[in-house]
Structure formats: structure tokens, C-alpha cells
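Sequence order for the protein chains is A and B.
Under the working numbering, think of the first position of the first sequence as 8, with each following residue one higher.
Under the working numbering, think of the first position of the second sequence as 77, with each following residue one higher.
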Amino acid sequence: SAVISQKPSRDICQRGTSLTIQCQVDSQVTMMFWYRQQPGQSLTLIATANQGSEATYESGFVIDKFPISRPNLTFSTLTVSNMSPEDSSIYLCSVELRANEKLFFGSGTQLSVL
Amino acid sequence: QKEVEQNSGPLSVPEGAIASLNCTYSDRVSQSFFWYRQYSGKSPELIMSIYSNGDKEDGRFTAQLNKASQYVSLLIRDSQPSDSATYLCAVGAGTALIFGKGTTLSVSS
Numbered sequence: 008s009a010v011i012s013q014k015p016s017r018d019i020c021q022r023g024t025s026l027t028i029q030c031q032v033d034s035q036v037t038m039m040f041w042y043r044q045q046p047g048q049s050l051t052l053i054a055t056a057n058q059g060s061e062a063t064y065e066s067g068f069v070i071d072k073f074p075i076s077r078p079n080l081t082f083s084t085l086t087v088s089n090m091s092p093e094d095s096s097i098y099l100c101s102v103e104l105r106a107n108e109k110l111f112f113g114s115g116t117q118l119s120v121l
Numbered sequence: 077q078k079e080v081e082q083n084s085g086p087l088s089v090p091e092g093a094i095a096s097l098n099c100t101y102s103d104r105v106s107q108s109f110f111w112y113r114q115y116s117g118k119s120p121e122l123i124m125s126i127y128s129n130g131d132k133e134d135g136r137f138t139a140q141l142n143k144a145s146q147y148v149s150l151l152i153r154d155s156q157p158s159d160s161a162t163y164l165c166a167v168g169a170g171t172a173l174i175f176g177k178g179t180t181l182s183v184s185s
């Protein structure tokens with residue numbers, strides 16, 4: 008299994024500002040992902056965080072809005088840039104220990120944008 | 077576009093009954109299938125994984141997979157009020173998992 012620490016757990020931000028979310032895993036993992044869960048919705052994949060290279064973004068998500076860093080195999084950050092109220096959501100870091108196996112999730116970051 | 081479809085519910089069952097949750101998926105080459113439970117305000121937690129056609133049982137939970145029909149289900153026997161949550165179906169599609177919108181289950185005592 009994997010223990011994932013995600014912070015902050017929640018934040019209230021002003022429109023136009025940026026927030027960086029950190030994800031720390033207790034072991035080296037190959038695959039790390041960032042998901043978004045909007046109110047009352049399911050999880051939507053934002054991007055795959057690649058160690059040492061640019062993240063791979065899903066359709067509808069762009070690097071300028073959601074820059075991601077992955078400096079090593081245990082840590083990643085997601086920044087939500089130039090925030091608007093539509094960015095209010097839960098952001099979840101997740102890791103996969105082996106291909107095609109289950110994902111482990113961090114505790115999530117509840118973001119509210121005013 | 078790869079899709080995972082679930083009935084949103086709510087599905088209401090009395091305590092002790094069997095709850096049946098269903099999911100269909102669009103990508104025929106999917107190889108791994110998961111059911112997650114999510115309580116309000118919490119992260120998803122894995123309940124069951126299934127990779128081969130047929131049934132897989134774990135305690136009160138049974139996952140069923142039919143790849144020909146692109147269908148996966150979750151049965152919860154002897155439902156308890158603590159089972160009240162949203163159940164997310166997730167399908168392995170090459171890289172990260174694709175999630176359905178979830179089915180809300182309510183178990184009344």
C-alpha cells in the first residue's frame with residue numbers, strides 16, 4: 008500500500024490568485040495522477056505527473072492553467088492558476104503502484120474560490 | 077472518448093437487503109475494473125477489483141464482470157446503514173483510471 012500526504016487539506020482563495028497543492032508519497036512510485044472532483048460529480052483526470060518531464064494533460068486541461076511539477080518519484084505539485092469560482096472543487100492526488108492495479112488516493116484538497 | 081456509465085441513483089434499500097450496483101464501459105480493451113466507495117467529504121477507498129470474467133467475492137461484496145457485454149456490477153449482501161455512500165465504478169484504460177459518476181446508495185434501518 009501507499010501513504011499519501013496531501014496539503015493543504017482546504018483553502019479559500021480570492022479570484023485571480025493561484026494555489027499550489029503538494030502531494031508526498033511514502034515510497035517511490037512510477038505513476039502519479041491528479042484528479043478533480045467538482046461538487047456532486049465524479050472524478051475527472053486532470054493529468055499524469057511524469058517524473059523529469061512535462062505532465063501529460065487530458066482533454067480540457069492545459070499546462071498554463073494547471074502547471075504540474077514532479078521532481079522525483081515521491082513528490083508532485085499541482086498549481087491552480089488565475090483561479091475563478093468555477094475552479095472550486097476537490098483536488099486529489101493519486102498513485103498507482105503497479106500497472107493496471109488500484110489507485111491510492113490522498114485525502115484531497117477542498118478549494119473554494121470567492 | 078472512453079466512458080464509464082452508472083445510474084446516479086439514489087438507490088434505496090432496507091437494512092439486510094441486497095444492493096445491486098451496475099456499470100457499463102465503452103472501451104473494449106479495458107483490462108482492470110474497480111469499485112470505490114466514497115463517503116461525503118472523504119477520498120474514495122477501494123472495495124473490490126476484478127480482472128477476469130465471472131464473479132469475485134470478498135465478504136459481503138461480490139463483483140461481477142462480463143467483458144463481452146462490457147458490464148461490471150457490485151452486489152452488497154446484508155446491507156448496513158454504514159454502507160450508505162456513493163459507489164464509483166472505475167475502469168483501467170491504459171494509464172489512469174476512468175471513473176463513472178457514481179451511484180448513491182442509501183440503506184435505511
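Here a beta-carbon is modelled for each residue, glycine too, at the ideal position from N, C-alpha and C.
Since the model is a prediction, treat every value here as computed from it, not as a measurement.
Find out if the Cβ-Cβ distance for the pair S95/A, S119/A is shorter than 7 Å.
yes
Residue closest to R136/B, alpha-carbon to alpha-carbon, out of R104/B, N129/B, S158/B
S158/B
Does DSSP classify S95/A as helix, strand or coil?
coil
Does S119/B have its Cβ less than 7 Å from a Cβ in chain A?
yes
Residues of the region 53-69 of chain A with Cβ closer than 7 Å to any Cβ of chain B, in chain order:
T55
Name, in chain order, the residues that DSSP records as bridge partners for Y127/B.
Answer is none; Y127/B lacks a bridge partner.
Please check if any C-beta of chain A sits within less than 7 Å of the C-beta of T201/B.
Since the first residue of chain B shown is 77 and the last is 185, residue 201/B is not available in this structure.
At which residues does the beta strand (DSSP E) containing Q117/A begin and terminate?
116-120
Thinking C-beta only, is S108/B closer than 7 Å to G115/A?
no
Hey, quick one: how far does the beta strand (DSSP E) through L97/B stretch, first residue to last?
95-101
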